[in-house]
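Numbering (my numbering), first residue to last: 1 to 435. Just so it is clear, CB atoms sit at the ideal spot from N, CA and C, and this is done for glycine as well. I have placed the structure first, in the form of structure tokens, so that the comments after it can refer back to it.
So, in structure tokens, the structure goes:
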């Protein structure tokens, strides 16, 4: 059989699209101009051009991926892309369309399943005819701060087959939240910094296939921590910088697949439930700056996959469980500004991957063994407390440290026995630091 080449009408449409833009390799996040591989005169097989994919049988263009292609210019209302009516996937993310409007005409691309126009400096109202793309499974219009939803109550009416929806930074979304609770196919929902307000629908947490949910950065969005059912597919949850409040329920332990929980800058209170120890897949837990109280549960030592743990700026009390020595994957441990106390952190020596350790603003009497101090994974990070004692040959072992602060602010620091020891801010410093 003779090879079927790119159709002339689609070749022409692509070349006209190319000529309507210039490439600017200084624009961020430009990687390289895929259009450079397109023939200047339109000769050759457009199916072989970079970023273009054709159907193997019909040779019709079915996918166009020009993400991070250094495109710069305004998008014409009559863009020739709308002549590629067989397209199933279009990705124009991370280009610079100079705050032009997203053109009306997407309704012509009735076969479109994947549409990504994110981070491309579009402006204005999202075209209403995008709502006609009933075959869409993935829609990403995120991170164009000046985009807003149309005043069209049934915008999502034909889009219930969506599996991935990212409208982060798009405004005027609040009225549409209840409708999204009916999108049973959703696996990913990101609505970050959308100026959402009011109460977040609890039913969205209960979507049967939802794996990723982020509503971070919506300071006027209210809600409570979900009470998940056993077997929930949720893997990533981000509620940061919202007005979510209340206690973290014991049922959080039902999120057996959760690997990321980020809820810093919220208003959660009460104790950390011991059932969190059931989250065996958790790699990141950030509850910085809430109103949490009580002790850190011993069950946290079962979170052996944790790489990041941040419980700083709460009201936690008591000792850090010595069984934290089991958390050998930790690279960051932030426990500063609580009411924690302990007389030994010897277990830290087991955390060989640790690169960030901040336990300042507590009431520790630190016994720092030379083996801990010599760990190269503590370099450049603060280690501080109100009372400090250095045992053994610790000071002689400081040559590996770039920075280590053992001194709280003078106004709150009682006299301590090493107040006139050599400065620990730099390995070669000979200055002294007095209270």
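Can you tell me which of the three DSSP states residue i falls into?
i           : result
residue 253 : helix
residue 235 : coil
residue 333 : strand
residue 390 : Its pLDDT being 41, under 50, residue 390 is placed unreliably by the model, and the measurement read from it follows with that caveat. Three-state result, residue 390: strand.
residue 34  : helix
residue 375 : Residue confidence is low: residue 375 scores 41 on pLDDT, short of 50, so the model does not pin down where it sits. Its coordinate-derived value is still stated next. It is coil, neither helix nor strand.
residue 55  : coil
residue 292 : strand
residue 327 : coil
residue 177 : helix
residue 71  : strand
residue 340 : strand
residue 278 : helix
residue 412 : In this prediction, residue 412 has a pLDDT of 36, which is less than 50 and means its spatial position is unreliable; what the coordinates show is noted afterwards. Residue 412: helix per DSSP, three-state reduction.
residue 361 : coil
residue 85  : coil
residue 170 : coil
residue 352 : coil
residue 25  : coil
residue 436 : The chain is shown only over 1 to 435; residue 436 falls outside these bounds and no answer can be derived.
residue 164 : strand
residue 5   : coil
What are the boundary residues of the alpha helix (DSSP H) that includes residue i?
i           : result
residue 224 : Counting along the chain, residue 224 falls outside any alpha helix (DSSP H), though it belongs to the beta strand (DSSP E) covering 220-224.
residue 320 : It is not in any alpha helix (DSSP H) - residue 320 carries neither H nor E in the DSSP assignment.
residue 245 : Premise fails: residue 245 lies in the beta strand (DSSP E), 243-247, not in any alpha helix (DSSP H).
Check for me: the beta strand (DSSP E) holding residue i runs from which residue to which?
i           : result
residue 19  : Counting along the chain, residue 19 falls outside any beta strand (DSSP E), though it belongs to the alpha helix (DSSP H) covering 8-19.
residue 64  : 61-65
residue 261 : 260-262
residue 186 : Taken as a continuous stretch (DSSP letters only), residue 186 belongs to no beta strand (DSSP E), as it is neither H nor E.
residue 154 : No beta strand (DSSP E) holds residue 154; DSSP gives it neither H nor E.
residue 301 : Per DSSP, residue 301 belongs to no beta strand (DSSP E) and is neither H nor E.
residue 124 : 122-125
residue 130 : First-last for residue 130: undefined, no H or E at that position.
residue 284 : 284-286
residue 45  : From DSSP, residue 45 is part of no beta strand (DSSP E); its letter is neither H nor E.
residue 112 : No beta strand (DSSP E) contains residue 112, which DSSP labels as neither H nor E.
residue 138 : 138-140
residue 307 : Careful: residue 307 lies outside any beta strand (DSSP E) and carries neither H nor E.
residue 269 : 267-271
Please report the distance separating the alpha-carbon of residue i from that of residue j.
i           : j           : result
residue 336 : residue 123 : 42 angstroms
residue 158 : residue 131 : 6 angstroms
residue 15  : residue 96  : 19 angstroms
residue 312 : residue 358 : 9 angstroms
residue 60  : residue 86  : 7 angstroms
residue 305 : residue 79  : 49 angstroms
residue 363 : residue 276 : 25 angstroms
residue 55  : residue 141 : 26 angstroms
residue 17  : residue 81  : 7 angstroms
residue 213 : residue 240 : 11 angstroms
residue 265 : residue 145 : 22 angstroms
residue 417 : residue 308 : Confidence in residue 417 is poor, its pLDDT being 25 and thus under 50, which makes the residue's placement unreliable; the coordinate value appears in the next sentence. Whole-angstrom Cα-Cα distance: 33 angstroms.
residue 205 : residue 184 : 11 angstroms
residue 314 : residue 283 : 21 angstroms
residue 248 : residue 180 : 24 angstroms
residue 57  : residue 262 : 46 angstroms
residue 126 : residue 350 : 53 angstroms
residue 110 : residue 229 : 37 angstroms
residue 63  : residue 38  : 15 angstroms
residue 75  : residue 100 : 6 angstroms
residue 217 : residue 194 : 8 angstroms
residue 288 : residue 169 : 23 angstroms
residue 250 : residue 32  : 49 angstroms
residue 105 : residue 129 : 7 angstroms
residue 8   : residue 20  : 19 angstroms
If distances are taken between C-alpha atoms only, which option among the options comes closest to residue i?
i           : options            : result
residue 45  : 6, 29, 61          : 6
residue 252 : 278, 362, 241, 293 : 278
residue 317 : 325, 296, 326      : 296
residue 177 : 228, 160, 196, 186 : 196
residue 325 : 143, 298, 315      : 298
residue 84  : 34, 172, 112       : 112
residue 167 : 266, 322, 116      : 116
residue 192 : 161, 184, 110, 242 : 242
residue 188 : 53, 232, 171, 209  : 209
residue 207 : 148, 233, 220      : 233
residue 121 : 110, 70, 133, 114  : 70
residue 22  : 173, 301, 98, 90   : 98
residue 137 : 90, 11, 103        : 90
residue 199 : 254, 332, 35, 222  : 222
residue 93  : 53, 29, 76         : 29
Would residue i count as contacting chain C if we go by Cβ distances under 8 angstroms?
i          : result
residue 10 : The structure shown has no chain C; it contains just one protein chain.
Taking 7 angstroms as the cut-off, is the CB of residue i close to at least one heavy atom of the ligand SAM?
i           : result
residue 319 : Looking at this structure, you won't find the ligand SAM or any other ligand, since it has none at all.
Quiz prompt | 4-residue-minimum alpha helix (DSSP H) runs that sit fully inside the region 191-223, ordered along the chain | solution = As far as the region 191-223 is concerned, its whole alpha helix (DSSP H) runs of at least 4 residues are 202-205.
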